[in-house]
Amino acid sequence: MARFTLPRDLYHGKGSLEELKNLGGKKAFVVVGGGSMKRFGFLDRAINALKEGGMEVYLFENVEPDPSVETVMRGAAAMTEFQPDWIVAMGGGSPIDAAKAMWAFYEYPNVTFEELCIPFNFPKLRQKAHFCAIPSTSGTATEVTAFSVITDYAKGVKYPLADFNITPDVAIVDPELAEKMPPKLTAHTGMDAMTHAIEAYVSTCNCDYTDPLALHAIKMIHNDLVASYNGDMDARDRMHNAQCLAGMAFSNALLGIVHSMAHKTGAAYSGGHIVHGCANAMYLPKVIKYNSKVESAAERYADIARFIKLEGNTTEELVEALIAEIKKMNAALNIPTCIKEYEGGIIDEKEFMDKLPQVAELAIGDACTGSNPRQPSQEEMEKLLKACYYDLPIDF
């Protein structure tokens, strides 16, 4: 038996933000990030719609990128004081991810973070509040997923929380919000979405319900991401739908070691964070090559290549064509080929090598590793990470 879970309602298209007036609650706790939603007027529109629907509104602002355990706990405390019956998270993946974790602590004040970090171990939610998610970026798809990523900066670790309980009740996918993304964010979030779709398609948990979503998302992203990056707003609007479809696929089919590696390298180094979507983009070609040693995975990568009309007569040729196409997209999006080139070299080589065994061990233990089609050993994971640092060929 398998499970397929999506939000109860998904509103999409321009103007769908106005659906907030129809949520039907009494108190809304609104979670947002650093200010772009306010700057572009979307926050005021959301608050006005909620108030028009008869709701009292509490605003929790300034959730940081890669939200921290501390931010989650502050938000949960504020929720406990306000007692909302709706949580409305708005912005990029960070405020939505943070709000999901806040939700758990609001409903269960005595639960521990360690308990929530065990995959699919959340207590039953919706005892106090329902959840509405409104994305402003086209990548994480956290508005339709059973996942949240929270960072423990003291330990230098990202925790991917996973439970169908935290799939939002309502998702509002309004492309107007995504039209304000700067090019770099458009590139990184777009390749995050591409990684979601590709990993979902080759995941060991793929199924008839997830495959069509993953393939169509890949086709849309392949067609529209570079144009969206270059300022085509029609393409930008389509990307907002594409990333959501990719999210529907991976939330149910799960992911693989591209994400395991991105989670564990993101906050591990003192020089700075490796932005999640950029990490995925850099690691994806290496992991495709690594996974293609498994025949069933190679056939699935070849399926993707055929679906987006790449050339090749054999499975091996099609896999290589897919790898080359991902690299071509990365180049068009000004994404570096390897960690050593990331942001002018901010990730120190010695620190990377010193931490390699620990980071590799953590990546193997990540929640996303179990559904990867090839299970890496400690030695293989270290080799993969080194290949991603130096842009080395994958020959193992």
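Counting the sequence shown from 1 gives a position; the working numbering is that position plus 837. Think of the CB as a built atom: it goes at the ideal place given N, C-alpha and C, for glycine as much as any other residue.
Alpha helix (DSSP H) segment containing residue 1123, residue limits: On the sequence shown, residue 1123 is found 286 positions in, with the first residue counted as 1. It spans 1113-1128 - the alpha helix (DSSP H) in which residue 1123 sits, taken as one unbroken run.
One or two residues paired with residue 927 in a DSSP bridge: Here residue 927 is taken as the residue at index 90 of the sequence shown, counted from 1. Bridge partners of residue 927 according to DSSP: 971.
Proximity below 8 Å, CB of residue 1007 to CB of residue 1084: The residue you call residue 1007 lines up with position 170 of the sequence shown. The residue you call residue 1084 lines up with position 247 of the sequence shown. Going by C-beta atoms, residue 1007 is not nearer than 8 Å to residue 1084.
Under the three-state DSSP convention, the category residue 989 falls into: For the purposes of this step, residue 989 is identified with residue 152 of the sequence shown, where counting begins at 1. Correct three-state label for residue 989: strand.
Contact check, residue 1150 vs residue 1210, beta carbons under 8 Å: As a working mapping, residue 1150 is identified with position 313 in the sequence shown. As a working mapping, residue 1210 is identified with position 373 in the sequence shown. No, the Cβ-Cβ distance between residue 1150 and residue 1210 is not below 8 Å.
Residue from 1173, 1187, 878, 1122 whose Cα sits closest to the Cα of residue 1162: The residue labelled residue 1162 in the question sits at position 325 within the sequence shown. The candidate whose alpha carbon is nearest that of residue 1162 is 1122.
CA-to-CA distance, residue 1029 to residue 901, given in whole angstroms: Mapped onto the sequence shown, residue 901 falls at position 64. Mapped onto the sequence shown, residue 1029 falls at position 192. Distance between the alpha carbons of residue 901 and residue 1029 is about 19 Å.
Beta carbon of residue 1218 nearer than 8 Å to that of residue 1175: Position 381 of the sequence shown holds residue 1218. Position 338 of the sequence shown holds residue 1175. No, Cβ-Cβ distance for residue 1218 and residue 1175 is not below 8 Å.
Residue interval of the beta strand (DSSP E) (run including residue 865): Taking the sequence shown and counting its residues from 1, the one referred to as residue 865 is at position 28. Segment 864-868, the beta strand (DSSP E) holding residue 865.
Strand pairing of residue 1234, partner residues [DSSP]: What the structure shows of the chain is the stretch from 838 to 1233, and residue 1234 is not part of that stretch, so it cannot be assessed.
Collapsed DSSP secondary structure at residue 1066 in the structure displayed: Here residue 1066 corresponds to residue number 229 of the sequence shown, with the count starting at 1. Three-state result, residue 1066: helix.
Unbroken stretches of the beta strand (DSSP E), 3 residues or longer, contained in the stretch 1128-1203: none
Under 8 Å between C-beta atoms of residue 977 and residue 929: Locating residue 977 in the sequence shown gives position 140, where the first residue counts as 1. Locating residue 929 in the sequence shown gives position 92, where the first residue counts as 1. Yes. Within cutoff.
Same chain only: Cβ atoms within 8 Å of residue 1206, ignoring 5 sequence neighbours per side: Reading the sequence shown from its first residue, position 369 is the one you call residue 1206. Same-chain partners within the cutoff: 1093, 1094, 1097, 1200, 1212, 1213.
Other residues of its chain near residue 931: CB distance less than 6 Å, five sequence neighbours each side excluded: What you label residue 931 is simply residue 94 of the sequence shown in a count that begins at 1. Same-chain partners within the cutoff: 870, 900, 902, 904.
Separation of residue 850 from residue 1130, as counted between CA atoms: Numbered from its first residue, the sequence shown carries residue 1130 at position 293. Numbered from its first residue, the sequence shown carries residue 850 at position 13. Approximately 41 Å between the Cα atoms of the pair.
Backbone CA spacing between residue 884 and residue 1072 [nearest angstrom]: Position 47 of the sequence shown, counted from the first residue, corresponds to residue 884. Position 235 of the sequence shown, counted from the first residue, corresponds to residue 1072. Using only the alpha carbons, I get a separation of about 28 Å.
Three-state secondary structure assigned by DSSP to residue 962: If you number the sequence shown from 1, residue 962 lands on position 125. In the structure shown, residue 962 sits in coil (DSSP, three-state: anything other than H, G, I, E or B).
Local conformation of residue 900 per DSSP, three classes: As a position in the sequence shown, residue 900 is number 63, starting the count at 1. If DSSP states are grouped into helix, strand and coil, residue 900 belongs with coil.
DSSP state of residue 877 mapped onto helix, strand, coil: The count along the sequence shown starts at 1 and reaches residue 877 at position 40. It is coil, neither helix nor strand.
Residue closest to residue 1171, alpha-carbon to alpha-carbon, out of 1216, 954, 1115, 844: For the purposes of this step, residue 1171 is taken as residue 334 along the sequence shown, with counting starting at 1. Of the candidates 1216, 954, 1115, 844, the one whose C-alpha sits nearest the C-alpha of residue 1171 is 1115.
Extent of the continuous beta strand (DSSP E) to which residue 848 belongs: In the sequence shown, counting from the first residue as 1, residue 848 sits at position 11. Segment 846-849, the beta strand (DSSP E) holding residue 848.
Integer-rounded CB distance, given that residue 925 should sit under 8 Å from residue 887: Here residue 887 refers to the residue found at position 50 when the sequence shown is read from its first residue. Here residue 925 refers to the residue found at position 88 when the sequence shown is read from its first residue. Going by Cβ atoms, the distance from residue 887 to residue 925 rounds to 7 Å, so yes, they are a contact pair.
Complete runs of the alpha helix (DSSP H) confined to the stretch 1050-1113 [at least 4 residues]: 1070-1090, 1094-1103
Short Cβ contact (8 Å threshold) for residue 1087 with residue 1037: Working through the sequence shown from its first residue, we reach residue 1087 at position 250. Working through the sequence shown from its first residue, we reach residue 1037 at position 200. Yes, the Cβ-Cβ distance between residue 1087 and residue 1037 is below 8 Å.
Where residue 995 sits in the DSSP three-state scheme: The count along the sequence shown starts at 1 and reaches residue 995 at position 158. Residue state, collapsed to three classes: strand.
Straight-line Cα distance separating residue 1054 from residue 974: Within the sequence shown, residue 974 is the residue found at index 137, counting from 1. Within the sequence shown, residue 1054 is the residue found at index 217, counting from 1. If I take the Cα positions, the gap works out to 16 Å.
Spatial distance of residue 1041 from residue 1208 (CA atoms): Numbered from 1 along the sequence shown, position 204 holds the residue referred to as residue 1041. Numbered from 1 along the sequence shown, position 371 holds the residue referred to as residue 1208. About 5 Å.
Selection from 854, 1179, 844 that minimises the alpha carbon distance to residue 1106: Along the sequence shown, one-based indexing puts residue 1106 at 269. With distances taken between Cα atoms, residue 1106 lies closest to 1179.
Residue burial classification, residue 957 (beta-carbon count within 10 angstroms, cutoff 16): For the purposes of this step, residue 957 is identified with residue 120 of the sequence shown, where counting begins at 1. Exposed, because fewer than 16 other Cβ atoms sit within 10 Å of the Cβ of residue 957.
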